[in-house]
Every structure is written in C-alpha cells, then in structure tokens.
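Colleague:
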C-alpha cells in the first residue's frame, strides 16, 4: 500500500468514527424535538438545543442525512430522525398544492408563507432519500411528484429553469437550481420516472450555456429574468464552494447521460476554486470571490470544505491514469484535513461553522443544516478505493 492509499484509509477511519460514534447519535438524541416535533435548528457547543424558528430545509436535510446513514451501514436508530422530518414536512410545513412553507415557529405556526424554490428542492431530496431506504412507501414518490408538478405548472421559467416566485421576483439564482439538479439526480438513482432526467438535463445545459462565465469558466450566482448576469456587484460574485459543488454534479451527470462535454467545464470550476478560492495556508476554501478571482469574503464556511472533498472524489473517478488519480486523491485528503479543523468543538459530534481569516472560529452554535454537507462528503469519500 502506497503512502496516499494509507493516508486515505486512515482518513476514512477517522471520519467513520466521528460520524457513526459521535455526530449521528447527538443530532438524533438531542437534535430532534421530541415534545413539539421536527428538529432543532442548532445545538450550542455544549450540546443544548436552541428552540428558535425552524426552516423547513433543515427537517428535509436531516431526513436525507439519516437515510444516507442507513445506506452507509450505520446500525444505530435512523427512523427517529427520518420520521420527525417527514412528519414535519407533511404536517405543520404542508402548504396547498403539495408545497411546503419555508419557516415555522417551534409550535408549527407559519412564519414565512411565500414560495421558496430552495426549500422545495430539499423537500424533493428528502423524499428521494427516504424512498431509497423505504422503497415500499409509495406516498414518498407521490409527494415528490406533487411538488414537481406544481413547480412545472406554476414556477417554470418561460425558456429554461425555474422562477423564484409567481409573479416573478428577481434576481434568478443558480443555487436553488443546483439543489434541484441534485434532487433530480437522487430521484434518477432512486428509480424515479423519466421527467427527473429531463429536468436534470435542462439544468445541466442551462449551467453550461448561462451560469458559466464565457471567458474564464467561473460560475455566476445572480441573473436577470433572461438569464443574463445581473449588472453591478451581484453579477460578479463567485462562491468557490458552489464551484466545487457544481463540478461534482456535472461529473455525476456526465456519467448518467453519457455526455462527456460536462467534464471539461467541471474541471475548470475545480481549478478556479482550488487555485483562487482556497487559502492554502489555512487549508480552507473561502466564502466569496469576485469574477476577477480576487477575494471578496475571506471567511471560510464549513460547507465549502465538504464540497471541495466531493469535487475531488468526482475527478478521481474519471482520472485517465493512475498518477492522475493519485493526485486527485491527495487533494481529497487535503480537503478532509481541512474539514477536520472544524470538528474541534467542546462536544464531540458538533462542529464549527465559520473560520475567520486568522484561522480562529466564530463562537456560535452548530447548525443542524450542515450535517447534510458533512455526511454527503463522507459517503462520497467512502466510495474511493486505491
């Protein structure tokens, strides 16, 4: 076994131990609200839950996380969290037309009733994830199709993609499209119908045609109603974490569709995010760049570190030579080491969310929503063999 393979195996063992023996138990045992239902938004670094307003996306992400844990071979109780999340989606968070409300009080009163595309992408992902481990529960697919049908009839962009509201509000955003792409791929993998593949293909092509900068290959975030980048500063913002995330999705789509034209743009996204969007002294991917690749916001969020890992898992899977694969795996290991910096919390299984430019961390509770990023990156890492 070479040094890279040994380092990978050691990293896998550390990640498995942290996830299975610390994180999954605490977010189940303390992170679920057993009195009022649903899940807590955050846990303080001493493990105390905060009973604050709840975003529906968090319940959906916890369903995803614990369904994935079961698929990864975790033998602990996952049903408590899956049930809590699904019951919240179909109970207090349920809105007309099969949709969901975005934010509710802990008592289940609606705080934000406006349509939120981002939250519906995660509801779709939750239903796909639950369906993978509960394939006999056909109501999960029915609920997903109900959301999809409303998205297609009420919130479809007249040319390609989806609107943020009806009537329209601007800017149009790439981020919820990224998660709609992710949810569609999840439904393809779960055995969903052909419409999921059509949606995924449309979003993948929209990314190549409109989201990517035609000259430097970077990914823009905000657009006008015709998919032109917004004028001014908002149209110039790049998020390196999203560059890594889109690369991971595009490589997955290339495998599903059999179309290799998505590979080169994915590699360019990774190159930009690694070379310009990652502070190699801190070993941390930063939050925002400008489109000339200068740094806009030098804080480093935990989630971006997980996307860095996933991007290199994707690239090593399509490496042309053993040497190229080894190089990508070495970058994956650096990404894992960067993620592990955030695990330095007083209670094992919790984590930091924001690293300051000097390498210190913002003192704040651990957000439940981030577990989705972490477990996905760990699962992807477990797929890598050398």
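Residue numbers (my numbering): 1 to 386. Note that the Cβ used here is the ideal one computed from N, Cα and C, for glycine as well. No experiment lies behind these values; they were computed from the predicted model shown.
How is residue 287 classed by DSSP in three states: helix, strand or coil?
Modeller: By one-based count along the chain shown, residue 287 stands at place 287. Of the three classes helix, strand and coil, the one that applies to residue 287 here is coil, per DSSP.
Colleague: What span of residues does the beta strand (DSSP E) with residue 100 cover, start to end?
Modeller: Counting from one through the chain shown, the residue named residue 100 turns up at place 100. Residue 100 -> no beta strand (DSSP E), and no H or E assigned at all.
Colleague: So if DSSP puts residue 138 in a beta bridge, which residue, or which two residues, is it bridged to?
Modeller: As a first step, residue 138 is located in the chain shown; it is residue number 138 there, counting from the start. Answer is none; residue 138 lacks a bridge partner.
Colleague: Compare the Cα-Cα distances from residue 143 to each of 261, 111, 91, 320 and report the closest residue.
Modeller: Your numbering for residue 143 matches position 143 in the chain shown. Closest option to residue 143, Cα to Cα, is 91.
Colleague: Find the nearest neighbour of residue 245 within the set 230, 221, 41, judged by alpha-carbon distance.
Modeller: Here the question's residue 245 lines up with position 245 in the chain shown. Per the Cα distances, 221.
Colleague: Along the chain, where does the alpha helix (DSSP H) that runs through residue 468 open and close?
Modeller: As shown, the chain starts at 1 and ends at 386. That puts residue 468 outside it, with no answer to give.
Colleague: Which of the three DSSP states, helix, strand or coil, is assigned to residue 318?
Modeller: Your numbering for residue 318 matches position 318 in the chain shown. Here residue 318 sits in coil by DSSP.
Colleague: Kindly confirm or deny that the segment 210–218 and the segment 269–277 touch, where touching means at least three C-beta pairs closer than 8 Å.
Modeller: Flag = yes, the segment 210–218 and the segment 269–277 touch.
Colleague: With distances taken between CB atoms, is the gap from residue 31 to residue 20 smaller than 7 Å?
Modeller: The sequence position of residue 31 within the chain shown is 31, counting from 1. The sequence position of residue 20 within the chain shown is 20, counting from 1. Contact flag unset, no.
Colleague: Can you tell me which of the three DSSP states residue 276 falls into?
Modeller: Here the question's residue 276 lines up with position 276 in the chain shown. Coil.
Colleague: Just the C-alpha distance for residue 256 and residue 56, rounded to the nearest angstrom, thanks.
Modeller: Taking the first residue of the chain shown as position 1, residue 256 is located at position 256. Taking the first residue of the chain shown as position 1, residue 56 is located at position 56. Those two C-alpha atoms are separated by around 30 Å.
Colleague: Go to residue 111, then tell me how far its beta strand (DSSP E) extends in each direction, as first and last residue.
Modeller: Translated into the one-based positions of the chain shown, residue 111 becomes position 111. First-last of the beta strand (DSSP E) with residue 111: 110–112.
Colleague: Is it right to say residue 331 is buried, meaning 16 or more other beta carbons lie within 10 angstroms of its own, or is it exposed?
Modeller: Locating residue 331 in the chain shown gives position 331, where the first residue counts as 1. It is buried - the Cβ of residue 331 has at least 16 other Cβ atoms within 10 Å.
Colleague: Could you spell out where the beta strand (DSSP E) holding residue 12 opens and where it closes?
Modeller: If you number the chain shown from 1, residue 12 lands on position 12. First-last for residue 12: 3–18, but that is the alpha helix (DSSP H), not the beta strand (DSSP E).
Colleague: For the segment 256–271 and the segment 333–346, state whether three or more C-beta atom pairs, one from each stretch, are separated by less than 8 Å.
Modeller: No: the two stretches stay apart, fewer than three of their Cβ pairs being nearer than 8 Å.
Colleague: Can you tell me which of 358, 357, 366 puts its alpha carbon nearest to the alpha carbon of residue 351?
Modeller: Within the chain shown, the letter at position 351 stands for residue 351. Ranking the options by Cα distance to residue 351, first place goes to 366.
Colleague: Using DSSP with H/G/I as helix, E/B as strand and the rest coil, what is residue 229?
Modeller: In the chain shown, the residue the question calls residue 229 occupies position 229. Strand.
Colleague: Thinking C-alpha only, which one of 265, 192, 12 is nearest residue 209?
Modeller: Residue numbering aside, residue 209 sits at position 209 when the chain shown is read from its first letter. For residue 209, the nearest C-alpha among the options comes from 265.
Colleague: Tell me which residue opens and which closes the alpha helix (DSSP H) that residue 388 is part of.
Modeller: Residue 388 lies beyond the residue range present for the chain, which begins at 1 and ends at 386; the question has no answer from this structure.
Colleague: Which residue or residues does DSSP assign as beta-bridge partners of residue 32?
Modeller: Start at 1 with the first residue of the chain shown, and residue 32 comes out as number 32. In DSSP, residue 32 forms a bridge with 39.
Colleague: In this structure, does DSSP put residue 115 in helix, strand or coil?
Modeller: Looking up residue 115 in the chain shown gives position 115. The answer is coil: DSSP assigns residue 115 none of H, G, I, E or B.
Colleague: Examine the Cβ distances between the segment 125–136 and the segment 58–72 and report whether three or more of them are shorter than 8 Å.
Modeller: Judged by Cβ distances under 8 Å, the segment 125–136 makes contact with the segment 58–72, as three or more pairs qualify.
Colleague: Closer than 7 Å by C-beta to residue 386: which residues in its own chain qualify, once you throw out the five before and the five after it? Chain order, please.
Modeller: Working through the chain shown from its first residue, we reach residue 386 at position 386. Excluding positions up to five away in sequence, the list reads 4, 5, 8, 329.
Colleague: Using the DSSP secondary-structure output, state which residues sit across from residue 334 in a beta bridge.
Modeller: The residue you call residue 334 lines up with position 334 of the chain shown. Residue 334 pairs with nothing; no bridge assigned.
Colleague: Looking at residue 287: is its Cβ nearer than 7 Å to the Cβ of residue 301?
Modeller: For the purposes of this step, residue 287 is taken as the residue at position 287 of the chain shown. For the purposes of this step, residue 301 is taken as the residue at position 301 of the chain shown. Going by C-beta atoms, residue 287 is nearer than 7 Å to residue 301.
Colleague: From the DSSP output, in three-state form, read off residue 355 for me.
Modeller: Taking the first residue of the chain shown as position 1, residue 355 is located at position 355. Strand at residue 355.
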